[in-house]
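So for the sequence shown, the numbering used here puts the first residue at -16; every next one is plus one.
Every residue, glycine too, gets a C-beta built ideally from N, C-alpha and C.
Data block below; observations after.
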Amino acid sequence: MARNPGWLDRRVVGYAEWLIKWRWIVVMVSVVAALAAGAGGQFLGFSTNYRVFFSPQNPQLQAFESLQRIYIRDDNISIVIHPHQGDVFNAGLLRDVRALTEAAWTIPYATRVDSITNFQNSTAEGDDLAVRDLVPQDSPLDAADLVRIRSAALAEPLILDRLIAPDSRTLSVNVTVTLPLQSQTEVPEAMAKARALADAFQADHPEVRVALTGSVALNNAFSESAEGDIATLVPLMYGVLLLVMGVLLRSLGGTFATLLVIGLSATTAMGLAGWLGIMLTPPSVTAPTIILTLAIADSVHILITMLQQMRRGVDKRTALVESLKINFEPVFLTSLTTVIGFLSLNFSDAPPFRDLGNITAIGVVAAWVYSIAFLPALMAILPMRVKQRPVGYSGAMDRLADFVVGRRRAVLAVMLVVVAGLVSQVPRIELNDQFVNYFDRSIPFRRDTDFAMEHLSGIYQAQWSLPAPGPGGIADPDYLARVQDFAAWLRARDSVVHVQTITDIFNRLNRNMHGDDPAWYRLPRERDLAAQYLLLFEMSLPYGLDLNNQINVDKSATRIVATLENVTTNELRALDDAAAAWLSGNLPSAAGTTASGPFVMFAYIAKRNIEGMLTGTFVAFVLISASLMVALRSVRLGLISLVPNLVPAFMAFGVWSLLVGQIGLASSVVTATSLGIIVDATVHFLSKYQRARRTAGADPEQAVRYAFSTVGTALWVTTAVLIAGFAVLSLSSFEINSSLGQLTAITLFMGIVADFLLLPTLLLLLPGRRGNRRALEPVNQAAE
């Protein structure tokens, strides 16, 4: 049996009277509760590992971790040096690069340092094999020696395009760092020392450009970006919200109370995140900004209805009670749907988005509690002065209602054309996630990495571990020939800059053992001979420069590393597929082997996240739709609500296709999160429409006018605030957050357009049964 619509109203009125009576106690309890929860903020920390973006079940992460268990863990810091004039082959620069190479061993957790100065160059000396630094300590570095160093460096495939550029203008000192992954201070410690060395070298050589890049620098950039965002975006958000609220509400007391509500909400959410042990990452660090934005919506609806009542001459106490009576149910429902939307991020394959969803959901619940308890209690205390409006005053919302009601069919036709046109552009969007582009150029890592990729080599790598036929099998001539063929196949790809392969060492050793005759630069044809060459070479290598980065312990597998240009993730996935097909057809022992590495992991994360979020969005959609049907007690209205709730996301992606053309990790969560936010406006509009139809027996036209009049102002005010809030988020230095902010802001704009133009026309063209006629407040309520 349907519930009596007046039952909830009576309960809310009783609650409002109680709240006003005990207002001082409610305010104090709210503040104490927020401070207690906020105390957990002391336990918040910033994650400094890019692996945090991948769940333990992520297959690319599992493959990469497996690779690093077989070979040495190869996180790295690359110090790139580029003279403004001339090349790197001058005595003074090489001498200092040699000193820098030695000093780089002092970087915390460094386990290997490679540069052209300490490259283990093998040559023939009679019948012996000589292995020494390419630029040894006793090198005279005279003209003849510089010619020797240059010719050897530019002819060696292991270092050309990796440690030295073909034009001799740029070189790199590559530091392999083995992080214990036990403390969040490991990355900052390593980067601090690396920066000190780079700064000292730059100070001694103002004629060169020094850049820092590598995976450790990437880790550090994640934490620096997160810290920068929380230090700049939250204060900026407060400033923007203060300005917007002051202009739109034109009530000092209401603005002050709202700012307190959003502050308490954000404090509660971030404090509870600290108590729960959640580590902050660039995506999750935006939670305070999002909470500040979302927390306003509930307060605005309560305040605007209250102010509307007071402008009609109602006293503050009565206006406050009436506002709670009208808004209690829709505010609860909108908070519930927003929580459902953000909790659906737990279907994400990226843990930072799960944290973002959970923290924001906590903040939304806190905002609801403070909005229906702390806010009314505080407003009952604060003095309020409101300028009254004439009874017959007609505002912008009334005029918009006249337009929509009078031209319903034309409005619907235009909306359908616009929706169809934008949706048709969605398939043009390209999926692309390049982790270097996650940061804007205000972040040093982005500038340095772009510089390194332009002048030397890229940070993007794909790695393959190629099993050999048994222990010691890497010396098998047939296996080596197939590995060399695979390296040649990779080098023939336009996107590949450099390939590191053990076969280049075997070629050089075979030449060395034949008097450095270039004709013998080829693979040994006997397994025993190849094994002897390798053993002799390994015995000659100094500490820290062994071959454990290329071959495993029992010599049953070797690793090939391909360094790539600034390719898109689509291009990398295509290369991975083609390489897998080549290996299956040409190297049976490596059949089924796929690429691995950080870039490979990021190349697949958006795709995997979209797949997970399709499930999450579907679950959120079902739960939100069911909630609307139950709350509105109408299947028809619940079904109608689906249109303005789903259409805005598709329209936003259509606009994004026209403006940007590419989407990445951020796009995978926009639909789920924006769905929970967009539905808020739909709920408020439908609740007012439902109230007019059921309690007053109004016809559809009257009910639509009533909804516009009573809630239209609050809807555009809250939407303006939400758009402003997410526009602030678009200023983030982290591209994922920036795209999330921009896409959500566009979606919210499309949402209010759908709620003001599409939803009313559907209600007018699909009318339901009229309820029992009862007293209804004048439809012509004052609206701003």
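With a contact defined as Cβ atoms closer than 8 Å, residue 480 and residue 548 qualify at about 6 Å. In this chain, residue 49 is not harboured by any beta strand (DSSP E); it is covered by the alpha helix (DSSP H) spanning 42 to 53.
With fewer than 16 other Cβ atoms inside 10 Å of its own Cβ, residue 25 counts as exposed. If the five residues before and after residue 363 are omitted, its C-beta is found closer than 8 Å to the C-beta atoms of 2, 3, 6, 299, 300 and 303, all from its own chain and listed in chain order. Going by DSSP, residue 62 is part of the beta strand (DSSP E) stretching over 58 to 66. The criterion of a C-beta distance shorter than 9 Å is satisfied by residue 338 and residue 263. Sequence-distant partners of residue 31 (beyond 5 residues in either direction) whose C-beta falls short of 6 Å from its own C-beta, in its chain, are 167, 170, 202 and 206.
In the displayed model, residue 426 falls within coil according to three-state DSSP, outside both helix and strand.
In this structure residue 489 is not in contact with residue 462, their Cβ atoms being roughly 11 Å apart against a cut-off of 8 Å. Comparing alpha-carbon positions, the option among 433, 451, 452 and 449 lying closest to residue 443 turns out to be 433. For residue 238, the uninterrupted alpha helix (DSSP H) run begins and ends at 235 to 258, by DSSP.
The beta carbon of residue 606 sits closer than 6 Å to the beta carbons of 323 from its chain, once the five residues preceding and following it are set aside; these are given in chain order. Looking at the backbone, the Cα of residue 610 and that of residue 341 are separated by about 20 Å. Going by DSSP, residue 502 is part of no alpha helix (DSSP H) at all; its letter is neither H nor E.
The three-state reading of DSSP puts residue 509 in coil, since its state is none of H, G, I, E or B.
Residue 429 and residue 740 have their C-alpha atoms spaced approximately 43 Å apart. In this structure, residue 60 lies near residue 177, with their beta-carbon atoms less than 9 Å apart. Assignment of residue 643 by DSSP, reduced to helix, strand and coil, places it in the coil class. With a beta-carbon spacing of about 6 Å, residue 422 and residue 716 fall inside the 8 Å limit used to define contacts.
In this structure, residue 349 and residue 252 form a Cβ contact; the two beta carbons are roughly 6 Å apart against a cut-off of 8 Å. The count of Cβ pairs closer than 8 Å, one atom from the region 282 to 298 and one from the region 209 to 223, stays below three, leaving the stretches out of contact. For residue 97, the pairing in a beta bridge is given by DSSP as 157. DSSP, read as helix, strand or coil, puts residue 115 in strand. In this model, residue 663 and residue 733 are separated by some 13 Å (Cα to Cα). The beta carbon of residue 317 is closer than 6 Å to those of 663 and 666 in its chain, skipping five residues each way along the sequence. In this chain, the alpha helix (DSSP H) harbouring residue 674 covers 650 to 679. Rounded to the nearest whole angstrom, the C-alpha separation of residue 94 and residue 628 is 54 Å. Put simply, the backbone Cα of residue 99 is about 57 Å away from that of residue 247. Annotation for residue 189: no beta strand (DSSP E) segment contains it, and DSSP assigns it neither H nor E. The region 637 to 657 makes contact with the region 722 to 732: 3 or more CB pairs, one atom from each, lie closer than 8 Å. Judged by their CB atoms, residue 409 and residue 436 are not nearer to each other than the 9 Å cut-off.
Only residues of its own chain outside the window of five on either side were considered, and among them none has a CB closer than 8 Å to the CB of residue 399. In the three-state reduction of the DSSP assignment, residue 264 falls in the coil class.
Cβ contact annotation for residue 27 (same chain, cutoff 7 Å, sequence separation greater than five): 253, 256, 257 and 263, in chain order. Listed in chain order, the non-local C-beta contacts of residue 122 below 6 Å within the same chain comprise 128, local neighbours out to five positions each way being set aside. Straight-line spacing of the CA atoms in residue 193 and residue 572 works out to 43 Å.
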